[in-house]
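One structure is given below, encoded as structure tokens.
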Amino acid sequence: MKQAKRYGLVALVALIWLVLDQLTKAAVTAGIAPGRGFSVVDGCFNIVHVLNRGAAFGFLNSEETGWQFWLFLGAAVVVGGVIVHIVRTAPASRMLFFGLGSILGGAAGNLADRVRFRAVTDFLDVYWGTWHWPAFNVADIAICLGVAAAGFVLLRQGPEEKGNN
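So the sequence shown is numbered by the working numbering: it starts at -3 and just counts up by one.
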């Protein structure tokens, strides 16, 4: 697969995730006040409006946003560089490029929020009884799916394929 096609596929997947993420966050922000929400499936799923200043699933979430912003900005730059390297050097795989595009699109969606608002809008609330998974968003889904897809492809490669990179 030619380099342009590799980067094009990754960019297209990233753009789709970025648009889905930003549209859903805009709808939540426009329709639900922060800290509020409503039940979608009683007993297991809510739509809520949470401002997360930390990482995925609320990790490192606090009111102090100075150092977190720079940490996550630096992490996004590193992730972008790693993705470019993998796209350039890895054996062609649509699943790998889907995974990398998903990671890139999810990271871009959360980074866009972080740059504009110094926080990420989370809104998907999954729970069972008193157990709650931390609220998350479409970008987090993209990143998790992307890591699973890319990880599957990279772990499945034999040593001879890895050595050629």
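Ideal placement from N, C-alpha and C gives every residue a C-beta, glycine not left out.
Asked	Found
N161, DSSP secondary structure in three states	Confidence at N161 is low in this model, with a pLDDT of 47, below 50, so the placement of that residue should be treated as unreliable; the coordinate-derived value is given next. Coil at N161, not helix or strand.
Cβ neighbour criterion (16 or more within 10 Å) applied to D121	buried
Where the beta strand (DSSP E) through T20 begins and ends	Taken as a continuous stretch (DSSP letters only), T20 belongs to no beta strand (DSSP E), being part of the alpha helix (DSSP H) at -1 to 27.
T85 classed as buried or exposed, judged by whether at least 16 other C-beta atoms fall within 10 angstroms	exposed
First and last residue of the uninterrupted beta strand (DSSP E) at S35	33 to 37
V37 to L69 span [Cα, whole Å]	35 Å
DSSP three-state assignment for T117, whether helix, strand or coil	strand
Supposed close pair V83, V143 - CB separation, criterion 8 Å	Actually they are not in contact, since the Cβ atoms of V83 and V143 sit about 15 Å apart, beyond 8 Å.
Per DSSP, cross-strand counterpart(s) of H128	Y123
Sequence-distant residues of its chain with Cβ nearer than 8 Å to F93 (five each side left out)	R2, L5, V6, V9, V83
Which of helix, strand or coil DSSP assigns to N106	helix
Close-in-space but distant-in-sequence residues of the same chain around L96 (CB under 7 Å, 5 per side omitted)	V6, I79, I82, V83, G142, A146
8 Å Cβ cutoff met for A108 and Q18	yes
Length of the line joining the Cα atoms of N161 and F41	For N161, the predicted model reports a pLDDT of 47, less than 50, meaning its position is unreliable; a value from the coordinates is still stated below. Taking the straight line joining both Cα atoms gives about 43 Å.
Through-space distance from Q(-1) to V74, alpha-carbon basis	21 Å
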